[in-house]
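Visitor:
Numbering (full-length UniProt numbering), first residue to last: 1 to 276.
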């Protein structure tokens, strides 16, 4: 059978390294006449605890399914490497799902050492992206679920980038103010193009804040993101200039703070000398 799937969804796990739950669920999505979701174990499951990310496809409403319900499903799960598509980790499987056997997947999807490596590409800006493709091969029994997409959001093409409706205004503004911003951007994969645009939008959001609102961690993340999207081909001289200005201001503030601290230390030493 050809690799054809009825539904493709993307699940972004925010601030992955800070997730404390043993298991987290994606939003529900519909394939055929049934509701599904993804279940991730950030610290692993079973024999993979503290070793690998574990990832499963699950029947979301299995408790309400009628007796005799079963679906023969083919699915593909991908943990996206956001720096190089070729390095993404992918697993394919097919099997029967029942009311009493409602979950199937992989204990050892990606080693945690690779997943959490800040330079590895699987976690960018703290986010991990998972893509699930699901197709129904055979149906036995009914579950009266109206076809709906609870997770997959409509995307709109803006200058060759698929973005959410809520992002259209921001992306249009970028291209209006900087028409050649993506003239050297050569990636053709739609998923990677969207990821880079999301990183760019995140960067502009950071730099739209007043310098006083930005922490040193914010600035470090901004420098990292700027390098990431610039290497992909975006022309961001204006953002680089703004970031340098903010950075220079912050350095001057730190120098002033150090100067004050040195003066306070000198005053304290003088006081101690006086008290001897």
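All C-beta atoms, glycine included, are put in the ideal place defined by N, C-alpha and C.
Just so you know, these numbers come straight off a predicted model, no measurement behind them.
By Cβ distance, which residues of its chain are closer than 6 Å to residue 37, with the 5 residues on each side in sequence left out?
Guide: The answer, listed in chain order, is 25, 26, 28, 58, 60.
Visitor: Which first and last residues belong to the alpha helix (DSSP H) in which residue 197 is found?
Guide: Start and end: 190-207.
Visitor: Should residue 265 go down as buried or exposed, given a rule of 16 or more other Cβ atoms within 10 Å for buried?
Guide: Answer is exposed; the Cβ neighbour count stays below 16.
Visitor: Specify, as a first and last residue, the run of the beta strand (DSSP E) that residue 78 falls within.
Guide: Residue 78 -> beta strand (DSSP E) spans 70-79.
Visitor: Within 8 Å, do at least three Cβ pairs link the region 108-115 to the region 68-84?
Guide: The region 68-84, when compared against the region 108-115, does touch it at the 8 Å Cβ threshold.
Visitor: Less than 8 Å between the CB atoms is what I'm expecting for residue 97 and residue 70, so what's the real figure, rounded?
Guide: Right, their Cβ atoms sit about 7 Å apart.
Visitor: Please say whether residue 126 and residue 15 have beta carbons closer to each other than 8 Å?
Guide: Taking 8 Å as the Cβ cut-off, residue 15 and residue 126 qualify as a contacting pair.
Visitor: Thinking just about the alpha-carbon of each residue, which of 124, 62, 7 is nearest to the one in residue 199?
Guide: When only C-alpha atoms are compared, the closest one is 124.
Visitor: Is it buried or exposed for residue 261, if we count other Cβ within 10 angstroms and need 16 for buried?
Guide: The residue is exposed, with fewer than 16 neighbouring Cβ atoms inside 10 Å.
Visitor: Which residue's Cα is closest to the Cα of residue 159: 171, 166, 165?
Guide: Of the listed residues, the one whose Cα sits closest to residue 159 is 171.
Visitor: Please confirm if the region 82-90 is in contact with the region 188-205, defined as three or more CB-CB distances below 8 Å between the two stretches.
Guide: Result yes; three or more Cβ-Cβ pairs closer than 8 Å.
Visitor: With a threshold of 7 Å on Cβ separation, who are the neighbours of residue 152 within its own chain once the five nearest residues in sequence on each side are excluded?
Guide: Residue confidence for residue 152 is low, a pLDDT of 46 falling below 50, so the modelled location carries little weight; the figure read from the coordinates is stated next. Correct list, in chain order: 9, 29.
Visitor: Mind reading off the beta-carbon distance from residue 175 to residue 197? Whole number of angstroms is fine, and I expect it under 8 Å.
Guide: Actually they are not in contact, since the Cβ atoms of residue 175 and residue 197 sit about 11 Å apart, beyond 8 Å.
Visitor: Which residue marks the beginning of the beta strand (DSSP E) containing residue 231, and which one marks its end?
Guide: Residue 231 -> not in any beta strand (DSSP E); alpha helix (DSSP H) instead, spanning 216-231.
Visitor: Per DSSP, residue 40 forms a beta bridge with which residues?
Guide: Residue 40 pairs with 24, 55.
Visitor: Judging by CA-CA distance, which residue of 40, 73, 20 is the nearest neighbour of residue 33?
Guide: It is 73 whose Cα lies nearest to the Cα of residue 33.
Visitor: According to DSSP, residue 131 sits in a beta bridge with which residue or residues?
Guide: The partner list for residue 131 (beta bridge, DSSP) reads 10, 78.
Visitor: Please tell me whether residue 235 and residue 173 are closer than 8 Å, where the distance is taken between their beta carbons.
Guide: No, Cβ-Cβ distance for residue 235 and residue 173 is not below 8 Å.
Visitor: In whole angstroms, what separates the C-alpha of residue 104 from that of residue 75?
Guide: Residue 104 and residue 75: Cα-Cα distance of roughly 10 Å.
Visitor: How is residue 235 classed by DSSP in three states: helix, strand or coil?
Guide: Here residue 235 sits in coil by DSSP.
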